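Participant: For reference, the structure I am asking about is given below.
Protein chains in written order, with the numbering used here: chain A, 1 to 546; chain B, 547 to 951.
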């Protein structure tokens with residue numbers, strides 16, 4: 001693992017697929033004639049509306065993040081410290097929202113919470129109300145609920161994976177010395193968890209900060225985030241200078257946050273005696289423990305699964321009542337369309353793109369994390385996170401400008417996994433880095449003293465310890481790739497649609513058959529994803545838990 | 547116990563999927579082939595290959611593309627004989643055509659058609675504009691009259707007067723130089739839920755004015771004109787009806803009558819409408835005049851007549867006209883021009899309604915049977931493409947202030 005090579009791969013990748021396209025679109029937007037044109041900046045500054053948008057973006061992201069962490073923490077604890085049947089399924093289920101197209105989640109929410117949805121109809125019938133009592137759609141609250149819905153698995157996975165290896169004796173020792181359970185948690189466990197907690201919050205914040213579909217569809221047109229505004233300015237108004245300035249603001253804020261985070265992180269991280277999961281986990285014995293676990297996870301699972309169940313229920317309710325008509329219809333080219341692609345191919349495309357994305361993102365992310373741990377330059381960490389902060393449409397248009405002749409990757413099918421890897425590999429970095437930092441250096445030193453080469457020491461010491469984090473990174477990568485819509489619809493090729501693209505195509509036309517098929521395909525997306533995630537977690541190689 | 551069972555279940559499901567995928571499409575290549583990474587504008591152009599990659603042994607798979615940029619290659623190629631050339635048609639996501647219609651064109655011209663769907667109408671056009679000078683395709687389809695001026699100003703099209711130009715109804719020829727040729731049109735109209743109004747014993751709305759009356763309070767969903775093409779079309783209809791100085795008053799009245807604004811057609815039509823069955827309760831939605839016919843066609847085989855009707859009063863609808871044009875710098879301009887002619891041919895024109903749910907521009911094109919359920923606006927709102935281009939942003943921002951803020 002030569003140092004230069006460690007940088008060369010992720011560096012070259014970022015350069016070609018991120019910085020170069022971004023520079024191209026910014027150059028075209030802000031300096032079309034060579035010299036920098038201040039017009040866009042001036043117009044953004046002159047419009048107070050954009051300041052409001054920024055304010056709203058930050059405020060909703062902060063609130064969403066705080067609530068997501070609060071909701072995720074108990075689940076992370078239960079899933080990492082306790083052993084019980086169905087654990088893998090619970091993990092997989094709460095990860096699913098991450099990969100559902102927003103329009104599908106919006107439909108699921110509407111079926112349950114809409115004015116004529118399940119809950120409102122139930123309440124109206126039960127209490128004889130004239131008006132639907134719950135009016136959540138198109139308010140800021142539905143945005144926050146949806147953000148929790150989407151991101152709770154980020155907290156569960158990143159914090160949970162770290163927690164699973166904390167030595168329980170530390171907390172026991174504190175309790176033995178007379179600390180209450182709460183105090184032991186607050187003063188011992190929480191500080192130790194801090195690096196993972198900060199990492200997770202930061203990722204969630206970036207996601208909420210750059211939120212697009214959720215705000216656009218559920219929040220309604222009165223609420224806009226920077227990302228939504230960038231899309232409007234680019235696609236609908238074709239005002240590239242304003243879009244570029246807004247993009248730069250979004251990237252700048254994220255960079256600032258990440259830079260701050262890098263400082264905090266190195267202050268928080270401490271080498272720990274990480275323990276194998278088999279030792280840290282317990283089987284619940286008392287009824288109280290079982291009830292607490294059931295309650296914690298039950299609430300979360302019901303919250304996450306209800307919209308999914310609603311979609312599945314709609315996908316089997318045809319005009320004749322229960323039936324699989326929408327599923328069988330998926331395989332019929334009803335209009336003999338030349339652009340028709342059997343949905344099973346969309347499933348297959350999605351899986352193939354996801355596998356390629358994992359194959360790209362895992363090495364890129366691990367190499368980056370490895371380098372980051374040794375690097376002295378603090379700004380490198382925030383730089384790696386920038387792809388997450390960049391609007392898909394900005395980047396997509398950048399690809400058009402930058403990847404034309406002579407490179408000519410513009411309409412290559414490879415752009416899909418490349419774009420997905422670009423968005424996904426920061427997840428791998430964030431999952432792996434806290435674990436890498438907590439490995440006690442004397443383990444590596446011992447290996448070296450005993451004659452291991454650096455590569456051998458890495459294989460023998462680091463790899464087994466980070467395996468779990470790598471699996472988490474792979475799961476994230478999978479969900480990002482399978483669920484990605486924005487970039488895919490811009491760079492993807494129509495004859496190779498992914499599942500979200502195929503779902504979107506079906507929802508683009510009127511009629512029960514179209515919406516029914518879209519829901520059927522969404523249900524397939526959920527089932528395939530749960531299976532794949534469970535499989536991935538099972539495939540941890542030998543000695544995965546140290 | 548569970549863990550083992552879960553594992554095997556998972557493996558079984560995935561294995562079944564893989565088998566199903568392979569069984570269904572034995573020739574499908576799920577992993578992008580090497581060729582895909584190459585210039586896709588001419589991956590199977592054998593006329594170019596020998597000069598581009600003389601070192602490539604002829605034994606390489608036919609999908610292996612030349613590695614050199616196709617732009618530097620001569621564009622001359624035999625019109626007939628030899629392997630087919632590839633014609634790239636850039637379009638928005640809604641392009642559709644029947645297999646046999648396309649196959650006939652491909653056969654007649656010894657060409658392989660590649661459709662490059664590039665996002666919604668706005669995104670696709672913007673991509674074409676950004677790629678000016680080295681176009682992503684040969685032809686572009688899907689500029690509509692709300693984007694016409696943007697497209698013409700960007701100067702990305704090569705004029706071509708199609709053979710059938712004289713047969714085109716004058717009302718649809720908005721560019722006399724034929725940079726862009728009209729191919730189809732569709733009316734954006736209000737759809738309403740027939741059963742809802744029958745049950746409530748309220749007459750269905752007849753005009754735009756009705757929507758502001760107390761009887762129709764809280765019933766209407768429109769799409770945001772800043773993010774949605776039918777939303778913009780409906781805004782323009784109200785401008786055509788009430789005038790550029792009065793339309794805002796209409797919208798203020800609509801707002802007072804509790805109009806709901808949705809961001810996109812999918813959400814408005816499925817999640818907000820009372821007939822979508824997805825939790826919505828609004829019986830009036832901005833959609834297309836052909837949507838009721840599509841409801842029957844895609845009705846799960848159950849419907850004999852549409853569940854929805856159109857509000858067709860004077861200037862209640864806006865007519866979107868769609869255009870096709872040859873991209874400047876096209877690699878196969880000759881084929882691109884043939885494609886423009888093809889889109890005006892009887893075969894293609896008659897294929898349009900059943901595939902894209904809009905009307906063909908040629909008056910003599912026959913419509914499919916289920917179009918008896920589709921209605922057309924007699925008097926769509928009259929607003930010119932130039933006026934739209936000059937005022938689009940102003941109208942949208944005034945609308946945003948009046949309706950959303």
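Every residue gets a Cβ at the ideal spot worked out from N, C-alpha and C, and that includes glycine. Note that the structure is a prediction, hence the values are computed from the model and not measured.
(1) Does chain A have any CB closer than 8 Å to the CB of residue 883 of chain B?
(2) By the criterion of Cβ-Cβ separation under 7 Å, what are the contact partners of residue 812 of chain B in chain A?
(3) Distance check for residue 405 of chain A and residue 66 of chain A, CA to CA, integer angstroms please.
(4) Roughly how many angstroms separate the alpha carbons of residue 815 of chain B and residue 12 of chain A, rounded to a whole number?
(5) Taking only beta carbons into account, state which residues of the stretch 335-359 of chain A come closer than 9 Å to chain B, listed in chain order.
(6) Quick check on residue 187 of chain A: buried or exposed, where buried means 16 or more other Cβ atoms within 10 Å of its Cβ?
(7) Report yes or no: is there a C-beta of chain A within less than 8 Å of the C-beta of residue 665 of chain B?
(8) Specify, as a first and last residue, the run of the beta strand (DSSP E) that residue 869 of chain B falls within.
(9) Check whether the Cβ of residue 929 of chain B lies closer than 8 Å to any Cβ atom in chain A.
(10) Within its chain, find whatever has a CB closer than 6 Å to the CB of residue 578 of chain B; leave out the 5 residues flanking it on each side and keep chain order.
(11) Show which residues of chain B have a CB atom less than 8 Å away from the CB atom of residue 303 of chain A.
(12) Quick one: grab the DSSP three-state call for residue 181 of chain A.
(13) If we ignore side chains and look at the alpha-carbon of each, how far apart do residue 363 of chain A and residue 60 of chain A end up?
(14) Mapping DSSP to helix, strand and coil, what is residue 836 of chain B?
(15) Compute the distance between the beta-carbons of residue 165 of chain A and residue 274 of chain A, then report whether it is under 8 Å.
(16) Alpha carbon to alpha carbon, how far is residue 611 of chain B from residue 512 of chain A?
(17) Can you confirm whether the stretch 162-179 of chain A touches the stretch 126-133 of chain A when touching is taken to mean that 3 or more C-beta pairs between the two stretches lie within less than 8 Å?
(18) According to the neighbour-count rule (16 or more other Cβ atoms, all chains shown, within 10 Å of its Cβ), is residue 878 of chain B buried or exposed?
(19) From what residue to what residue does the beta strand (DSSP E) around residue 340 of chain A run?
(20) Quick check on the burial criterion: 16 or more other C-beta atoms within 10 angstroms. Buried or exposed for residue 609 of chain A?
(21) Can you give the Cα-Cα distance for residue 453 of chain A and residue 6 of chain A, rounded to whole angstroms?
(22) Using the beta-carbon of each residue, which ones in chain B are nearer than 9 Å to residue 490 of chain A?
(23) Mind listing which residues of the stretch 700-721 of chain B have their C-beta closer than 8 Å to chain A's C-betas, in chain order?
(24) Under 9 Å, CB to CB, which of the residues in the stretch 881-910 of chain B have a partner in chain A?
(25) State yes or no: is the beta carbon of residue 179 of chain A nearer than 8 Å to at least one beta carbon in chain B?
(26) Counting along the chain, where does the beta strand (DSSP E) carrying residue 808 of chain B start and finish?
(27) Would you give the residue range spanned by the beta strand (DSSP E) that residue 539 of chain B belongs to?
(28) Write down every uninterrupted run of the alpha helix (DSSP H) in the stretch 474-502 of chain A whose length is 4 residues or greater and which is fully enclosed by it, in chain order.
(29) Please list, in chain order, the chain A residues whose beta carbon lies closer than 9 Å to that of residue 773 of chain B.
(30) Could you check where the alpha helix (DSSP H) with residue 516 of chain A kicks off and where it finishes?
(31) Which complete alpha helix (DSSP H) runs does the stretch 248-317 of chain A hold, if anything under 4 residues is left out?
(32) Just to confirm, are residue 811 of chain B and residue 774 of chain B a CB contact at a threshold of 8 Å?
(33) In chain B, what lies closer than 7 Å to residue 111 of chain A by C-beta?
(34) Between which two residues does the beta strand (DSSP E) carrying residue 701 of chain B extend?
(35) Let me confirm a value: residue 638 of chain B is counted as buried when at least 16 other C-beta atoms fall within 10 Å, else exposed. Which label applies?
(36) Would you kindly report the start and end of the unbroken alpha helix (DSSP H) that includes residue 949 of chain B?
Facilitator: In this structure, then:
(1) Numbered from its first residue, the second chain carries residue 883 of chain B at position 337. It does not: the Cβ of residue 883 of chain B has no partner Cβ on chain A nearer than 8 Å.
(2) Numbered from 1 along the second chain, position 266 holds the residue referred to as residue 812 of chain B. Those are 103, 507 and 508, listed as they occur along chain A.
(3) The sequence position of residue 66 of chain A within the first chain is 66, counting from 1. The sequence position of residue 405 of chain A within the first chain is 405, counting from 1. Roughly 46 Å between the two C-alpha positions.
(4) Position 269 of the second chain, counted from the first residue, corresponds to residue 815 of chain B. Position 12 of the first chain, counted from the first residue, corresponds to residue 12 of chain A. Using only the alpha carbons, I get a separation of about 45 Å.
(5) 335, 336, 337, 338, 339, 340, 342, 344, 345, 347, 348, 349, 351, 352, 353, 355 and 356
(6) In the first chain, the residue the question calls residue 187 of chain A occupies position 187. Exposed is the call here.
(7) Translated into the one-based positions of the second chain, residue 665 of chain B becomes position 119. Yes, contact with chain A.
(8) On the second chain, position 323 is the one that residue 869 of chain B refers to. Residues 864-873.
(9) Sequence index remark: in the second chain, residue 929 of chain B carries index 383 (1-based). Not an interface residue.
(10) Locating residue 578 of chain B in the second chain gives position 32, where the first residue counts as 1. Its pLDDT being 35, under 50, residue 578 of chain B is placed unreliably by the model, and nothing is read from it.
(11) Residue 303 of chain A sits at position 303 when you count from the first residue of the first chain. Chain B residues near residue 303 of chain A: none, gap ~17 Å exceeds 8 Å.
(12) The sequence position of residue 181 of chain A within the first chain is 181, counting from 1. If DSSP states are grouped into helix, strand and coil, residue 181 of chain A belongs with the helices.
(13) Stepping through the first chain from its first residue, residue 363 of chain A is reached at position 363. Stepping through the first chain from its first residue, residue 60 of chain A is reached at position 60. If I take the Cα positions, the gap works out to 34 Å.
(14) The residue labelled residue 836 of chain B in the question sits at position 290 within the second chain. DSSP places residue 836 of chain B in coil when its eight states are reduced to three.
(15) Residue mapping note: residue 165 of chain A aligns to position 165 of the first chain, counting from 1. Residue mapping note: residue 274 of chain A aligns to position 274 of the first chain, counting from 1. Contact flag set, yes.
(16) Here residue 611 of chain B refers to the residue found at position 65 when the second chain is read from its first residue. Here residue 512 of chain A refers to the residue found at position 512 when the first chain is read from its first residue. Note on residue 611 of chain B: pLDDT 38, under 50, position unreliable in the model; no value is reported.
(17) no
(18) As a first step, residue 878 of chain B must be located in the second chain, where it is residue number 332. It counts as buried.
(19) Numbered from its first residue, the first chain carries residue 340 of chain A at position 340. Neither: residue 340 of chain A is in no beta strand (DSSP E) and is coded neither H nor E.
(20) Residue numbering for chain A in the displayed model covers 1 to 546; residue 609 of chain A lies beyond these limits and cannot be assessed.
(21) What you label residue 453 of chain A is simply residue 453 of the first chain in a count that begins at 1. What you label residue 6 of chain A is simply residue 6 of the first chain in a count that begins at 1. Roughly 16 Å between the two C-alpha positions.
(22) By one-based count along the first chain, residue 490 of chain A stands at place 490. 664, 665, 669 and 673, listed in chain order.
(23) none
(24) 900, 901 and 903
(25) Start at 1 with the first residue of the first chain, and residue 179 of chain A comes out as number 179. No, its Cβ sits nowhere closer than 8 Å to a Cβ of chain B.
(26) Counting from one through the second chain, the residue named residue 808 of chain B turns up at place 262. Its beta strand (DSSP E) spans residues 806-808.
(27) No statement about residue 539 of chain B is possible, as the shown extent of chain B runs from 547 to 951 and does not include it.
(28) 486-491
(29) By 1-based counting over the second chain, the position of residue 773 of chain B is 227. Neighbours of residue 773 of chain B on chain A, chain order: 216, 221, 228, 231, 232, 235 and 236.
(30) Looking up residue 516 of chain A in the first chain gives position 516. Start and end: 512-538.
(31) 277-280 and 287-315
(32) Against the second chain, residue 811 of chain B aligns to sequence position 265. Against the second chain, residue 774 of chain B aligns to sequence position 228. Result yes, Cβ atoms of residue 811 of chain B and residue 774 of chain B sit closer than 8 Å.
(33) Counted from its first residue, the first chain places residue 111 of chain A at position 111. The contacting residues are 824 and 825.
(34) Locating residue 701 of chain B in the second chain gives position 155, counting from the first residue. Here residue 701 of chain B belongs to no beta strand (DSSP E), and DSSP marks it neither H nor E.
(35) The count along the second chain starts at 1 and reaches residue 638 of chain B at position 92. Flag for residue 638 of chain B reads buried.
(36) Numbered from its first residue, the second chain carries residue 949 of chain B at position 403. Here the alpha helix (DSSP H) through residue 949 of chain B covers 931-949.
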